[in-house]
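J.: Residue numbering for the sequence shown follows the numbering used here, starting at 5 and increasing by one per position. There's a structure below that I have some questions on.
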Amino acid sequence: MNNSGLLASLARDFERFKRELPRDFAAHVRSTYRIDLTARYLGETLPHPIGKGSGQLSLNSSQLETDADAGLAFAVLKTVIAQDAAGAQSMGAWAIHETKMNVERRGGGWTVTWKGRGWDRSFEDYLALVRAGRDLTRAGRLLTVPSVKYHLPRLNEPFRFDEYAFTTRALADAWGESPLLLEKDFSPTLAGDRLAEEKQQILRWVREVPGCIRDHADVRLAMKLMNARFDDGFQREMMAAASGGRGGADALVVFNRLFDAERGVAYGGPELSDRNLRVLGFLTLGGSPGFKSTTGGPMQLCGTGNIHSGRLIVEYARRGCSSVQLHTFFQLPLEAYPATHGSRTQRALHVLIFDPRDGLVAVMLAREADGSLERRGGDLLFLDLLPDAHRPR
Ligand SMILES: Cc1cc2nc3c(=O)[nH]c(=O)nc-3n(C[C@H](O)[C@H](O)[C@H](O)COP(=O)(O)O)c2cc1C
């Protein structure tokens, strides 16, 4: 089929999938458009690049079941606050309870305003959620990954190794198989906290945290970096520090929400994606040699921040992100999605993939038409959007 034939198919698929998105839409995209959406997150191969970021949308097993049914590629569980064997949490200020979330317009996009922080139920309850996620992962229905906020000391203080030890071992035991895939969260509220006022202090965390975690289990580690309250250059310093140090991270999630110091809340929207894309572009676009991990291979990046279209997914991919994780776009008012039926996850996936103008399929076909993406063996590959130096080998 030529390009205009494919666009006509896309318009038809967009319309008919409003009522029901096929669970294996990636297989449909492959057979209909010869587009291979295969993506990667933390060393795992995914059928497509779209996952869910840690937060209020991965707090219980029924949310995970819904995501598995929708065909989401992966879900990161809500961030738990690390504790020692006696239950003490040095980051306990992050384990606060707050249920009310407001989805609001900001800068022409959407943001969620919410004063809550990390997991606020018991650690035992979290382990039960980890086991539910493990079962879905093993059944091949949905890759799930726990997320932790561990103790972060001031410069002149030691790390609380007992919290790292107890929490990491308990998660590894609950998971059962090696390695344990794990995200370490450096959150926007942390960026807004007095703890994060000093650059040297943040760089030390980012450098030393991987080793503190790896001491206690065989972990494949993604570090979700914050948008610190410094300039773009410091974001790049953080990325470099995270890939050096003892044991370095295996992947980086780039970058968590911005912090509005006046209102005391985290926010997203266009300002967030502008900043993230600018920082990443500096490292990865324009023939730069690429950003390496400690093992010398390309550093795996997972994009996050204001992703509300396939076009934005392509922008993150062009800057080295082999997958993306969304939160806000999975919680819009129902009338904001063109689909008329299905869960929010399905409705979001429908427009992200099949929108005839800004969906992932449309944007990849447009790049083929303008010569910036070529077919290989007849197929267009999502991972070919990444700069050479960042393509998984
Ligand atoms: C209400 C809310 C709660 C969040 N909680 C967490 C969290 O516990 N841990 C974490 O790593 N990220 C958390 N995030 C960040 C999201 O996972 C995501 O990375 C970020 O919001 C940027 O993506 P978005 O613009 O698609 O929302 C949260 C975001 C929102 C909106």
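Just so it is clear, CB atoms sit at the ideal spot from N, CA and C, and this is done for glycine as well. None of the values given here were measured: they were computed from a predicted structure.
Name the residue from 50, 52 and 84 whose alpha carbon lies nearest to the alpha carbon of residue 64.
T.: For the purposes of this step, residue 64 is taken as residue 60 along the sequence shown, with counting starting at 1. Residue 64 has its Cα closest to that of 84, out of 50, 52 and 84.
J.: Within this structure, are the beta carbons of residue 356 and residue 326 separated by less than 8 Å?
T.: Here residue 356 is taken as the residue at index 352 of the sequence shown, counted from 1. Here residue 326 is taken as the residue at index 322 of the sequence shown, counted from 1. Their beta carbons are not under 8 Å apart, which means residue 356 does not touch residue 326 by this criterion.
J.: In terms of alpha-carbon separation, which member of 43, 310, 48 and 22 lies closest to residue 254?
T.: Numbered from 1 along the sequence shown, position 250 holds the residue referred to as residue 254. With distances taken between Cα atoms, residue 254 lies closest to 48.
J.: Report buried or exposed for residue 100, applying the criterion of at least 16 other Cβ atoms within 10 angstroms of its Cβ.
T.: For the purposes of this step, residue 100 is taken as the residue at position 96 of the sequence shown. Flag for residue 100 reads exposed.
J.: Between which two residues does the alpha helix (DSSP H) carrying residue 114 extend?
T.: Along the sequence shown, read from residue 1 onward, the residue named residue 114 stands at position 110. Per DSSP, residue 114 belongs to no alpha helix (DSSP H); it is in the beta strand (DSSP E), 113-117.
J.: Can you list, in chain order, the residues of its chain whose CB lies under 6 Å from that of residue 172, leaving out five sequence neighbours each side?
T.: Looking up residue 172 in the sequence shown gives position 168. The answer, listed in chain order, is 217, 220 and 221.
J.: Here's the rule: buried if 16 or more other CB atoms are within 10 angstroms of the residue's CB, otherwise exposed. What is residue 266?
T.: Taking the sequence shown and counting its residues from 1, one reaches residue 266 at position 262. Exposed: under 16 other Cβ atoms inside 10 Å.
J.: Given this structure, state the Cα-to-Cα distance separating residue 200 from residue 151, to the nearest angstrom.
T.: Mapped onto the sequence shown, residue 200 falls at position 196. Mapped onto the sequence shown, residue 151 falls at position 147. Each residue's Cα considered, the two are about 20 Å apart.
J.: In the DSSP assignment, what are the bridge partners of residue 263?
T.: For the purposes of this step, residue 263 is taken as the residue at position 259 of the sequence shown. Residue 263 pairs with 270.
J.: State yes or no: is the C-beta of residue 147 within less than 8 Å of the C-beta of residue 43?
T.: Locating residue 147 in the sequence shown gives position 143, where the first residue counts as 1. Locating residue 43 in the sequence shown gives position 39, where the first residue counts as 1. No, the pair does not count as a contact, with Cβ atoms beyond the cut-off.
J.: From the DSSP secondary-structure annotation, give me the bridge partner or partners of residue 308.
T.: Position 304 of the sequence shown holds residue 308. Answer is 329.
J.: Using DSSP's beta-bridge definition, name the partner residues of residue 188.
T.: Against the sequence shown, residue 188 aligns to sequence position 184. Partner(s): 152 and 227.
J.: How long is the line joining the alpha carbons of residue 196 and residue 350, rounded to whole angstroms?
T.: For the purposes of this step, residue 196 is taken as residue 192 along the sequence shown, with counting starting at 1. For the purposes of this step, residue 350 is taken as residue 346 along the sequence shown, with counting starting at 1. Inter-residue distance for residue 196 and residue 350 is about 34 Å (C-alpha atoms, whole angstroms).
J.: Should residue 59 and residue 274 be called a contact, given that it needs their Cβ atoms to be closer than 8 Å?
T.: To locate residue 59, count along the sequence shown from 1; it is residue 55. To locate residue 274, count along the sequence shown from 1; it is residue 270. Taking 8 Å as the Cβ cut-off, residue 59 and residue 274 do not qualify as a contacting pair.
J.: Ignore the nearest five residues each way along the sequence and tell me which others in residue 202's own chain have a CB closer than 8 Å to its CB.
T.: One-based indexing of the sequence shown puts residue 202 at position 198. Cβ neighbours of residue 202 beyond the five flanking positions: 159.
J.: Under 8 Å by Cβ, that's how I've got residue 120 and residue 153 pegged, so tell me the actual separation to the nearest angstrom.
T.: To locate residue 120, count along the sequence shown from 1; it is residue 116. To locate residue 153, count along the sequence shown from 1; it is residue 149. At roughly 13 Å, the Cβ-Cβ gap does not stay under 8 Å, so residue 120 and residue 153 are not in contact.
J.: Quick one: which unbroken alpha helix (DSSP H) runs of 4-plus residues sit fully inside the region 17-50? Chain order, please.
T.: Within the region 17-50, the complete alpha helix (DSSP H) runs of at least 4 residues are 29-37.
J.: Under 7 Å: does the beta carbon of residue 189 sit that close to some heavy atom of ligand 1?
T.: Position 185 of the sequence shown, counting from 1, holds the residue named residue 189. Because some heavy atom of ligand 1 lies under 7 Å away, the Cβ of residue 189 counts as near it: yes.
J.: Quick one: what's residue 384 bridged to in DSSP?
T.: Residue numbering aside, residue 384 sits at position 380 when the sequence shown is read from its first letter. 39.
J.: Which ranges would you report for the beta strand (DSSP E) in the region 337-395 if only whole runs of at least 3 residues count?
T.: Counting only unbroken stretches of 3 or more residues, no beta strand (DSSP E) element lies wholly within the region 337-395.
J.: Hey, would you say residue 256 sits closer than 8 Å to residue 270, going by beta carbons?
T.: By one-based count along the sequence shown, residue 256 stands at place 252. By one-based count along the sequence shown, residue 270 stands at place 266. Result no, Cβ atoms of residue 256 and residue 270 do not sit closer than 8 Å.
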